[in-house]
Each structure stands twice: as structure tokens, then as C-alpha cells.
Amino acid sequence: MNKSSESKHTRCGFIAIVGRPNVGKSTLLNHLLRQKVSITSRKPQTTRHRILGINSDAEHQCIYVDTPGLHSNQQKALNKVMNNTVVSVINDVDLILFLIEKTNFNEGDHRVLELLSKTHTPVLLLINKIDLVKDKESLLPHINALSKQQDFNEIVPVSALGGHNLRKIEELVKSYLPRREFLFPEDQVTDRSSRFLAAELIREKVIRQLGDELPYEVTVEIENFQQQESILHIHGLILVEKAGPEKNPGRQRWRAAKTHRQLRQGRHGNCF
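If you're matching positions, the sequence shown starts at 2 in this note's numbering and goes up one per residue.
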């Protein structure tokens with residue numbers, strides 16, 4: 002089958018997953034792909050990079066774009082870079098999944114909505130974490146209020162972690178894909194390298210294990226990535242933002258000691 006005839010029978014498109022920090026964008030991506038390509042934690046700013054997650058069947062290729070959360074505070078250079086990533090993505094995709102949390106709609110959500118109002122790209126509003134909503138009857142007036150703020154193509158309550166309505170989202174996404182030949186091999190699940198994914202997984206474990214004892218500006222560089230027989234040996238260098246003057250030097254020493262101890266345990270598998 003040549004490319005022109007193939008494109009008549011296949012659909013392929015880019016789908017951006019956007020929202021304020023910590024609403025479950027990476028969790029949604031991982032569950033839609035049925036495997037982990039984007040790291041998660043309870044702390045905002047965990048996702049920093051644009052990551053593609055690719056899900057293909059015989060006739061459809063959904064290329065999901067996991068974006069960093071949009072930040073209202075742009076004082077930090079890191080926040081500015083991540084916000085610019087989000088803005089550039091929403092203008093170059095075929096569909097947008099706008100993720101919000103339960104019955105909350107705060108200033109961060111309004112900021113995302115303001116950006117989306119300037120695009121002509123179809124937008125599906127996904128109300129995430131509905132499994133945590135005790136009063137399910139409160140969802141209907143919330144949905145009605147949201148529908149008046151913008152003409153969303155669809156509004157769907159979901160649970161990214163629990164899987165509620167995710168199959169429905171998959172079918173909706175496919176219906177918005179343009180007719181186009183596949184852009185990636187059918188068995189490819191991300192555009193990122195194994196080294197990148199390894200670095201991100203290490204960063205996830207550091208954030209989860211040490212929590213507030215480490216700053217957000219944690220970066221991991223892979224120094225060695227080598228397969229020896231059936232074992233993959235990975236050596237990662239963990240870099241943190243230089244700490245400024247603290248009122249409590251003793252706490253700083255304790256933080257450094259705890260960091261050293263946890264990472265040393267991680268080498269033997271106890272931490273990670």
C-alpha cells in the first residue's frame with residue numbers, strides 16, 4: 002500500500018494534555034498508554050519537558066503531548082520556560098485535553114482557559130479525580146457552570162488513576178484525528194530515549210523519597226547506561242540547586258546528611 006492510499010485508511014494526530022500543575026496530566030498519559038513514560042509525584046512542577054506518548058492500533062495513531070503545568074508565578078526562570086512550552090504546544094496540535102480537578106476551578110484553571118480561548122483547536126474538558134468527589138450530585142451544576150465559560154467540544158468526568166471513562170476518552174480522541182499516515186512506527190511509545198526515561202525515573206524517586214527536603218530544581222544526568230547480559234547498569238548524577246543562606250544551619254546539615262543516606266540506600270534497591 003502506498004502512502005497516499007494508506008493515509009485514506011489511517012488517522013493520526015497530536016493531542017495536547019494541558020492544565021495547571023498537579024491535576025494528573027502525567028497520570029492520565031500513562032494510563033492512556035498503559036505504560037509509564039511520564040513521571041508523577043504529589044509535588045507540582047514534576048513534569049518539566051514536553052514528552053510525546055504514542056498509542057497506535059491498526060487504523061489510529063494518537064500522539065499525546067504531556068506538557069508541564071501552567072504557572073501563574075513566572076518569577077523563576079524554570080517556570081517561564083515551562084509556560085512557554087505549554088503556549089507553543091497548544092497552537093500546533095489537533096486536539097486539546099484540558100484537565101481540571103474535581104469541583105475546583107481556581108485561578109490557575111482560569112489562566113489555562115484564557116489561553117485556550119484564543120485557539121481554534123477543539124478542546125475536551127476532563128474533570129479529573131471524580132472518585133474523590135463524595136457528593137456526585139454536585140458534578141452536574143459544576144458541569145453546567147463550566148459549559149457557560151467556554152464552548153467545549155465535550156465535558157467528561159474521569160478518574161485518571163482509577164481508569165473511569167478513559168476508554169470513552171480514547172474513542173473520542175480517535176474521532177478527532179485527521180486522516181493522515183502514521184508519523185511513528187506502530188510499536189514506538191515515546192519520542193524520548195531510554196537514557197532520558199531513566200534520568201526521569203531517578204528524579205521521580207528522589208522527589209518521592211525526600212519530598213520537601215529537596216528543592217524542585219533537581220536534575221539527573223546519566224553518566225553510564227550499559228547493558229551487561231540481563232542486567233542494565235545505570236549510573237546517575239543527581240544535581241540540585243545550590244542552597245541559599247538559611248536561618249537554621251543545623252537543618253541544612255541534617256538535610257545534606259539525610260540526602261546522602263537515602264541515596265546510598267537507593268544503590269542497594271531499598272530506596273528505589
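Idealized CB from N, CA, C, for every residue including glycine.
**Report entry** Helix, strand or coil at Gly251 according to DSSP, with G and I counted as helix
**Finding:** For Gly251, the predicted model reports a pLDDT of 46, less than 50, meaning its position is unreliable; a value from the coordinates is still stated below. Gly251: helix per DSSP, three-state reduction.
Query raised in the report: If you compare alpha carbons, which of Ile91, Thr120, Leu147 is closest to Asn105?
Result: Leu147
Query - Cβ pair Lys130, Ser176 closer than 9 angstroms - result: no
Query raised in the report: Where do the ends of the alpha helix (DSSP H) carrying Ala200 lie?
Result: 195–211
Requested in this report: Kindly identify the DSSP beta-bridge partner or partners of Pro158.
Outcome: Ile128
Query raised in the report: Between Ile97 and Thr68, what straight-line distance do the alpha-carbon atoms span, to the nearest angstrom?
Result: Rounded to whole angstroms, Ile97 to Thr68 spans 11 angstroms at the Cα level.
Query raised in the report: Counting pairs of Cβ atoms below 8 angstroms between the segment 172–192 and the segment 54–66, do you hit three or more?
Result: yes
Query raised in the report: Can you list, in chain order, the residues of its chain whose CB lies under 8 angstroms from that of Ile144, leaving out five sequence neighbours each side?
Result: Ile128, Ile156, Pro158
Requested in this report: For His111, name the three-state secondary structure that DSSP assigns.
Outcome: Annotated three-state conformation of His111 is helix, per DSSP.
Query raised in the report: Shortest alpha-carbon distance to Leu240 belongs to which of Glu224, Gln228, Ser231, Glu230?
Result: Glu224
Requested in this report: Take Arg21 as the anchor and find which of Asp132, Phe99, Arg35 has the nearest alpha-carbon.
Outcome: Phe99
Query raised in the report: Under 8 angstroms from any heavy atom of the ligand HEM, does the C-beta of Lys149 make it?
Result: This structure lacks the ligand HEM; in fact it carries no ligand of any kind.
Query raised in the report: What's the C-alpha gap between Glu171 and Glu230?
Result: 38 angstroms
Report task. Give me the Cα-Cα distance between Ala59 and Thr11, rounded to the nearest whole angstrom. Result -> 8 angstroms
Query raised in the report: Where Val94 and Arg209 are concerned, what is the direct C-alpha to C-alpha distance, given to the nearest angstrom?
Result: Spanning the two alpha carbons is a distance of roughly 32 angstroms.
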